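The structure under discussion appears below in the form of structure tokens.
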Amino acid sequence: MPDSQPQQPSAGSPRPSGDEGGAADGTGLLLCDARLADGRTVDVRIVDDRIEAVGTAGSLTAYASTRIDLDGYLLLPAPAEPHAHGDTALSADAEGPVSYDPHDVQRRATEAALLQLGHGATTLRTHVRIGDVPGLGALEGALRARRALRGLADLSVVAMPRLLTGAAGADGLALLRDAIGMGASVVGGCPDVDPDPPGYVQAVLELAAEHGCAVDLHTDGDDPARLARLAAMAGGLRPAVTLGPCGGLARLPAEAAGRVADRLAAAGVTVVCLPQGGCVGAERRETAPVRLLRAAGVRVASGSGALRDVGNPVGRGDPLEAAYLLASRYGVRPEDAYATVCGAARGVLGLPEVRVEAGFPAELLAVRGERLGAVLSLGYSRVVVHRGRVVARTSAVREYCDSAAAAALDLPRQGRPPARG
Numbered sequence: 016m017p018d019s020q021p022q023q024p025s026a027g028s029p030r031p032s033g034d035e036g037g038a039a040d041g042t043g044l045l046l047c048d049a050r051l052a053d054g055r056t057v058d059v060r061i062v063d064d065r066i067e068a069v070g071t072a073g074s075l076t077a078y079a080s081t082r083i084d085l086d087g088y089l090l091l092p093a094p095a096e097p098h099a100h101g102d103t104a105l106s107a108d109a110e111g112p113v114s115y116d117p118h119d120v121q122r123r124a125t126e127a128a129l130l131q132l133g134h135g136a137t138t139l140r141t142h143v144r145i146g147d148v149p150g151l152g153a154l155e156g157a158l159r160a161r162r163a164l165r166g167l168a169d170l171s172v173v174a175m176p177r178l179l180t181g182a183a184g185a186d187g188l189a190l191l192r193d194a195i196g197m198g199a200s201v202v203g204g205c206p207d208v209d210p211d212p213p214g215y216v217q218a219v220l221e222l223a224a225e226h227g228c229a230v231d232l233h234t235d236g237d238d239p240a241r242l243a244r245l246a247a248m249a250g251g252l253r254p255a256v257t258l259g260p261c262g263g264l265a266r267l268p269a270e271a272a273g274r275v276a277d278r279l280a281a282a283g284v285t286v287v288c289l290p291q292g293g294c295v296g297a298e299r300r301e302t303a304p305v306r307l308l309r310a311a312g313v314r315v316a317s318g319s320g321a322l323r324d325v326g327n328p329v330g331r332g333d334p335l336e337a338a339y340l341l342a343s344r345y346g347v348r349p350e351d352a353y354a355t356v357c358g359a360a361r362g363v364l365g366l367p368e369v370r371v372e373a374g375f376p377a378e379l380l381a382v383r384g385e386r387l388g389a390v391l392s393l394g395y396s397r398v399v400v401h402r403g404r405v406v407a408r409t410s411a412v413r414e415y416c417d418s419a420a421a422a423a424l425d426l427p428r429q430g431r432p433p434a435r436g
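Here the sequence shown is numbered in this note's numbering, starting from 16 and rising by one per residue.
Have a look at this one:
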């Protein structure tokens, strides 16, 4: 791929030089000596929230005063988090029932988002329960977290009512309308727990069409007839309908799962799988059959699901771990596995594509390592760029005691690269 030249934008640890904000004063940010997935080593100049130029290493040094040395790092488009549960995150060790007080939800959701930002996810979608928790307090807390995170990470909120049909569902429908009015940008929930799953889906789709919202529904996907009907109903709102985690598809016979996959592909429905674990209320934790779905033409993204709550008390919320699990356990190529947490995940969130090329959004993740397979395996040190600004850094240093064998073999150490002369 040729170097990207300057153009007008369309619609150890690295060593910085100068203010890492870069874009705020208009001077730009220069990422130096970064390795790309295609093997090239380049400089990347960022102005405001866009990549302005990509050139061979050393070719752009005269154009920016703010510099980050990424020698030894692989530079990638930043991942996104399409399926989080910020209202219950980090509550596994809480004494007694989980608090849904707005202040407590705001604190947990903010801390969880920052943790995931440190892993590289610059944009997140969090599901928030309404209807089976007091009022709209949890939603209010999540929306406060969204405001508090502005400038660091982008957070969108999915309102999840428990019931939407029958007499009991009338209250849920009213709450869902109020949630949209408060600022929930996505409507969702779990039709599997409603007495009338198709009625639940129909209510969500009608409200989404009325207000121009995306739809994100929880389903196990173990009933092929129900899933096929859901796909047929969702086709009219394509491509803004997402289903997950659909782990039940992995329990179906291959022929039945293949027929459902074809229906989902025809309807333009995206499936978000959860390789790191399930969600609160999920009885089983299978991962959706990613290779089968992708072969049928379904867009598949990967999310984190539960983050250290009762659904998964050891959840990490790390998109690179999700990609690693797809590659190591399910035989997905590292490049395809990373695509599920990056390009496909951004597509779920309605975000533009990111490439390390001029004109594209400056949403980037630098991970210590030379190849994608290596960084999925041991990518601890990371630098995260959101809207043209370094917003998070993680540095990991591995050291061993003195060893003649190590010295003789000149074994590498993951730490600060040697200073240049």
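Don't be surprised by glycine CBs; every beta carbon is placed ideally from N, CA and C. Remember, it's a predicted structure, so these values are computed and weren't measured experimentally.
Am I right that residue i and residue j are in contact with their C-beta atoms under 8 angstroms? What's the rounded C-beta distance?
| i | j | result |
| --- | --- | --- |
| A127 | G283 | Not confirmed; about 30 angstroms, so no contact. |
| C47 | D63 | With 8 angstroms as the limit, C47 and D63 do not qualify as a contact, their Cβ atoms being about 19 angstroms apart. |
| G312 | A321 | The Cβ separation is near 29 angstroms, so there is no contact. |
| L308 | A276 | 5 angstroms |
| A303 | L267 | Wrong, their Cβ atoms sit about 11 angstroms apart, outside the cutoff. |
| Q121 | G156 | 4 angstroms |
| L139 | L170 | 5 angstroms |
| L391 | P328 | In fact, because the Cβ distance is near 24 angstroms, the residues do not count as touching under 8 angstroms. |
| T81 | L45 | 6 angstroms |
| S437 | A360 | Absent from the structure is residue 437, since the part of the chain shown begins at 16 and ends at 436. |
| G365 | A223 | The Cβ separation is near 13 angstroms, so there is no contact. |
| L341 | V305 | 6 angstroms |
| L105 | R123 | 5 angstroms |
| V5 | G196 | Outside the modelled stretch of the chain, which goes from 16 to 436, sits residue 5, for which no answer is possible. |
So residue i is in the alpha helix (DSSP H); what residue range does that whole segment cover?
| i | result |
| --- | --- |
| G196 | G181 to M197 |
| G388 | L387 to L393 |
| V216 | P212 to H226 |
| L3 | Limits of the chain in this structure are 16 at one end and 436 at the other, which puts residue 3 out of reach. |
| T355 | P349 to V356 |
| V305 | V305 to A310 |
| L252 | First-last for L252: undefined, no H or E at that position. |
| T125 | P117 to H134 |
| G156 | G152 to A163 |
| G318 | From DSSP, G318 is part of no alpha helix (DSSP H); its letter is neither H nor E. |
| G273 | A269 to A282 |
Candidates the options: which alpha carbon is nearest residue i's?
| i | options | result |
| --- | --- | --- |
| A168 | D108, V399 and C261 | V399 |
| R55 | V347, L91 and G43 | L91 |
| L242 | R253, L258, E385 and G187 | L258 |
| P376 | R386, A360, G403 and L391 | G403 |
| R192 | A183, D207, A174 and P206 | A174 |
| T234 | P212, P149 and G394 | P212 |
| A255 | Y353, L264, A276 and G227 | G227 |
| L380 | Q131, D207 and L151 | Q131 |
| A136 | V412, H401, A411 and G394 | H401 |
| A271 | C288, C294 and G236 | G236 |
| A240 | I61, A310, V369 and R274 | R274 |
| Y395 | A407, V405, V382 and V406 | V382 |
| G187 | L85, C205 and G198 | C205 |
| L129 | V412, A407 and A411 | A407 |
| A310 | G358, V412 and V347 | V347 |
Applying the 10 Å Cβ sphere with the 16-neighbour rule, what's the burial state of residue i?
| i | result |
| --- | --- |
| E67 | buried |
| R161 | buried |
| E301 | buried |
| C416 | exposed |
| E414 | exposed |
| A269 | exposed |
| T71 | exposed |
| E378 | buried |
| R325 | Here residue 325 is Val; the residue named in the question, Arg, does not match the sequence. Flag for V325 reads exposed. |
| A49 | buried |
| G41 | Confidence in G41 is poor, its pLDDT being 46 and thus under 50, which makes the residue's placement too unreliable to answer from. |
| A39 | Residue placement at A39 is flagged as unreliable, the pLDDT there being 40, under the threshold of 50; the coordinate-derived value follows with that caveat. Its Cβ having fewer than 16 others within 10 Å, A39 is exposed. |
| D108 | exposed |
| T125 | buried |
| H118 | exposed |
In the DSSP assignment, find the beta strand (DSSP E) that holds residue i and state where it starts and stops.
| i | result |
| --- | --- |
| D84 | T81 to D84 |
| P176 | D169 to P176 |
| Y88 | Y88 to P92 |
| H142 | T138 to I145 |
| L379 | L379 to R383 |
| R413 | Counting along the chain, R413 falls outside any beta strand (DSSP E), and DSSP gives it neither H nor E. |
| A52 | Per DSSP, A52 belongs to no beta strand (DSSP E) and is neither H nor E. |
| P97 | E96 to A99 |
| R397 | R397 to H401 |
| G203 | V201 to G204 |
| G70 | R65 to T71 |
With respect to 7 angstroms, is the separation between the Cβ of residue i and the closest non-hydrogen atom of the ligand HEM below this value?
| i | result |
| --- | --- |
| T138 | Questions concerning the ligand HEM fall outside what the structure shown contains, since it holds no ligand whatsoever. |
**Report entry** Touching by the beta-carbon criterion (3+ pairs, under 8 angstroms), the region 217-234 and the region 162-179
**Finding:** yes
Requested in this report: Answer yes if the region 331-346 comes into contact with the region 82-98, meaning at least three C-beta pairs across the two stretches below 8 angstroms, and no otherwise.
Outcome: yes
Requested in this report: Count the C-beta pairs between the region 245-254 and the region 271-281 that are closer than 8 angstroms, then say yes if the count reaches three, no if not.
Outcome: yes
Query raised in the report: Is the region 381-396 close to the region 141-153, with three or more CB pairs under 8 angstroms?
Result: no
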